[in-house]
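Engineer: Heads up, the sequence shown is in the UniProt record's numbering, so the first residue is 1 and it goes up one at a time.
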Amino acid sequence: MQQGLCRPPVRCLANVIKEIDSKSMSTPSFPSATLTSLAKAIGDTENGLTGGEIEQLLHQLNMYDPGEITKWKRLVAAFDHSQRTRGNADRVITFLARAFAPARYVHNPELFDIRRRLINPVLVLHGLKVNDEGGIARTKGASTLMEVQRLTNTVREELNRRGTHKEVLAYCEEEILRHGYLHAVLEASKSVFQRLRDMTGLGIDGSALADAALSTKSGILAINSLNTETEQNEQNGLCNLVKSIGGLYRNPTAHDPRLNRIVTETELYEALSLLPYVHRRLDDATLRA
């Protein structure tokens with residue numbers, strides 16, 4: 001094995017399985033409620049393991065298999081039997097580690113992320129998580145649902161990885177923690193208009209604010225010298241982009257009932273990638289004489 005592939009605290013799958021199968025690294029048995037939650041996560045109807053995959057893993061690990069019943073109930077029976085006969089959760093953890101082996105997801109990496117999001121909120125209550133390499137690693141534990149969301153929220157991690165502007169995160173971080181994507185987009189879009197009000201001292205909103213702040217003819221702010229046609233077009237483009245943000249995200253989202261407006265994770269990333277661009281251009285804006 002090449003040096004550097006198994007860096008603590010993240011451990012390679014082979015090492016995880018070896019450690020958790022050893023008596024010195026025994027994991028205490030999980031409560032019944034945890035076993036049920038783990039089983040429902042990994043046996044999720046839409047995105048969980050298939051019946052065939054469950055059967056294969058149980059056979060490979062010599063675990064009790066009650067047969068072809070509801071997937072999560074089959075897993076609960078297998079997990080519970082293992083804990084009662086072994087006196088610990090080692091084989092349950094090994095099952096999960098095998099289920100998240102990276103080779104399973106070479107042709108569908110999105111499924112790996114989906115399954116991690118399903119199971120990590122359960123594992124983190126016991127100081128464990130499925131890491132980026134598919135291994136079961138120890139992590140800071142959580143004792144409340146809010147802590148679970150904070151520790152397992154991959155959306156926030158992705159936004160931070162993308163370097164999302166602080167002005168955007170300040171408006172939507174709490175909403176993201178609650179997975180309220182609809183209101184996250186609404187609150188984040190407000191950040192652009194509030195930023196313009198703060199910079200100009202104006203008390204107006206929407207397209208009127210965009211024109212008053214960024215119009216090439218009489219706008220209060222300038223993002224460049226405005227000396228050339230190219231620079232004027234750039235400023236005009238930013239002004240129109242701000243208006244579009246109001247039309248695309250703020251106004252429809254504010255007026256649509258929650259149940260009739262579904263914002264997906266993909267749309268959230270798209271919106272929160274566009275908004276930081278506006279803020280970064282405003283970072284360099286100056287007041288026009």
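Quick reminder that beta carbons are idealized off the backbone N, C-alpha and C, glycines included.
1. Helix or strand or just coil, what does DSSP make of Ala103?
2. On the three-state DSSP scale, how would you describe Thr286?
3. With which residues is Leu128 paired in a DSSP beta bridge?
4. Going by alpha carbons, who is nearest to Lys73 out of Thr230, Ser29, Leu35?
5. Going by DSSP in three states, Leu275 sits in which element: helix, strand or coil?
6. Which residues in the same chain have their Cβ closer than 6 Å to the Cβ of Thr200, if we skip the five residues on either side of it in sequence?
7. Tell me, please, whether the region 111-121 touches the region 50-60 by the rule of three or more beta-carbon pairs shorter than 8 Å.
8. Starting from Ala222, follow its DSSP beta bridges and name the residues at the other end.
9. Within its chain, find whatever has a CB closer than 6 Å to the CB of Gly246; leave out the 5 residues flanking it on each side and keep chain order.
10. Specify the secondary structure class of Phe30 as computed by DSSP and reduced to three states.
11. Identify which residue in Ala99, Leu125, Gly87 has its Cα closest to the Cα of Asp113.
12. Would DSSP call Ile93 helix, strand or coil?
13. From Ile69 to Gly48, what does the alpha carbon distance come to, in whole angstroms?
Structural biologist: For this structure:
1. The residue given as residue 103 occupies position 103 in the sequence shown. Helix, per DSSP.
2. If you number the sequence shown from 1, residue 286 lands on position 286. Look at Thr286 here: in three-state DSSP terms it is strand.
3. As a working note, residue 128 is residue 128 in the sequence shown. Paired residue(s): Arg138.
4. Taking the sequence shown and counting its residues from 1, the one referred to as residue 73 is at position 73. Considering only alpha carbons, the answer is Leu35.
5. Here residue 275 refers to the residue found at position 275 when the sequence shown is read from its first residue. In the structure shown, Leu275 sits in a helix (DSSP, three-state: H, G or I).
6. On the sequence shown, residue 200 is found 200 positions in, with the first residue counted as 1. Around Thr200: Ala213, Ile220.
7. no
8. Numbered from its first residue, the sequence shown carries residue 222 at position 222. Answer is Thr286, bridged to Ala222.
9. Within the sequence shown, numbered from 1, the residue matching residue 246 stands at position 246. Excluding the 5 residues flanking it on each side, Gly246 has same chain C-beta neighbours closer than 6 Å at Gly206, in chain order.
10. Taking the first residue of the sequence shown as position 1, residue 30 is located at position 30. The answer is coil: DSSP assigns Phe30 none of H, G, I, E or B.
11. Taking the first residue of the sequence shown as position 1, residue 113 is located at position 113. Taking only the C-alpha atoms, the option nearest Asp113 is Ala99.
12. Counted from its first residue, the sequence shown places residue 93 at position 93. Note: Ile93 maps to helix in three-state DSSP.
13. For the purposes of this step, residue 69 is identified with residue 69 of the sequence shown, where counting begins at 1. For the purposes of this step, residue 48 is identified with residue 48 of the sequence shown, where counting begins at 1. Cα to Cα, the separation comes out at about 15 Å.
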